[in-house]
Amino acid sequence: MTHDDQATPAEIIQTVLLVEDDEDVGAFIAQVLKEERPYVVLHMTDGAHALEAVGSIKPNLFILDYRLPGFDGLELYDRLHAISGLEMVPALIMSATYPSQKEIQKRHISFLAKPFEISDLLAIVDELLAK
184 MTHDDQATPA EIIQTVLLVE DDEDVGAFIA QVLKEERPYV VLHMTDGAHA LEAVGSIKPN
244 LFILDYRLPG FDGLELYDRL HAISGLEMVP ALIMSATYPS QKEIQKRHIS FLAKPFEISD
304 LLAIVDELLA K
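Residue numbers for the sequence shown follow this note's numbering, beginning at 184 and rising by one.
Here it is, written out as structure tokens:
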């Protein structure tokens with residue numbers, strides 16, 4: 184690709200790793216993100232599978248449920264960020280229960296309370312991917 188035909192920001196497809204153990208909720212979020220934005224969304228239902236997946240993909244954003252089987256979203260975030268090449272990937276934690284604000288702020292993670300408006304989800308995702 185020469186400098187004249189470089190991709191514009193709108194043409195660059197972002198990859199989102201969504202970890203949500205409720206399959207219906209995860210499928211809905213993935214569908215919305217795919218329909219409303221040019222994102223590739225990989226939906227995993229637990230942290231162990233998410234950790235396996237990042238061996239073959241390099242996501243631009245993590246969207247993590249706080250309550251996950253095995254370990255919570257904050258622990259998953261820590262494990263993902265410990266992987267070389269993923270240290271700077273932004274994250275959004277979603278939950279109906281509120282994790283410690285101190286823990287969220289310490290990690291510089293965005294938080295979205297469930298239930299949420301789709302417009303709020305899209306705004307946060309767009310902001311995080313624009314960084």
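Here a beta-carbon is modelled for each residue, glycine too, at the ideal position from N, C-alpha and C. Please read these numbers as outputs of a predicted model, since none were measured by experiment.
So, residue i versus residue j, is the Cβ gap smaller than 9 angstroms?
i: L225; j: L259; result: no
i: L251; j: D204; result: yes
i: E286; j: L247; result: no
i: R290; j: D261; result: yes
i: A274; j: F299; result: no
i: L269; j: K241; result: yes
Going by C-alpha to C-alpha distance, which of the options sits closest to residue i?
i: I195; options: P221, A210, G209; result: P221
i: D303; options: T198, V202, V215; result: V215
i: M277; options: K217, I266, L295; result: L295
i: A306; options: T228, M227, E219; result: E219
i: T228; options: I301, K297, K217, V202; result: V202
i: A233; options: I292, S293, I266; result: I266
i: K297; options: Y249, A210, K217; result: Y249
Report yes if the C-beta of residue i is less than 8 angstroms from at least one heavy atom of the ligand ZN; otherwise report no.
i: D261; result: With respect to the ligand ZN, the structure offers nothing, as it holds no ligand at all.
Quick one: what's residue i bridged to in DSSP?
i: D248; result: M277
i: H226; result: L201
i: F254; result: In the DSSP output, where bridge partners are listed per residue, F254 has none listed.
i: S293; result: L275
Residues in its own chain within less than 8 angstroms of residue i by CB, not counting five upstream and five downstream?
i: A231; result: G253
i: K314; result: P273
Can you list, in chain order, the residues of its chain with a C-beta nearer than 7 angstroms to that of residue i? Leave out the 5 residues immediately preceding and following it.
i: L312; result: Q197, N243, L244
i: D187; result: Residue placement at D187 is poorly supported in this model, since its pLDDT is 47, which falls under 50; the coordinates still yield a value, given next. So the list is empty, once near-sequence residues are dropped.
i: A213; result: L201, V224, H226
i: Q288; result: none
Ordered along the chain, which non-local residues of its own chain (more than five positions away) have a Cβ less than 6 angstroms from that of residue i?
i: I301; result: V215
Checklist entry - Does the region 277-292 come close enough to the region 234-242 to have 3 or more Cβ pairs within less than 8 angstroms? => result Result no; under three Cβ-Cβ pairs closer than 8 angstroms.
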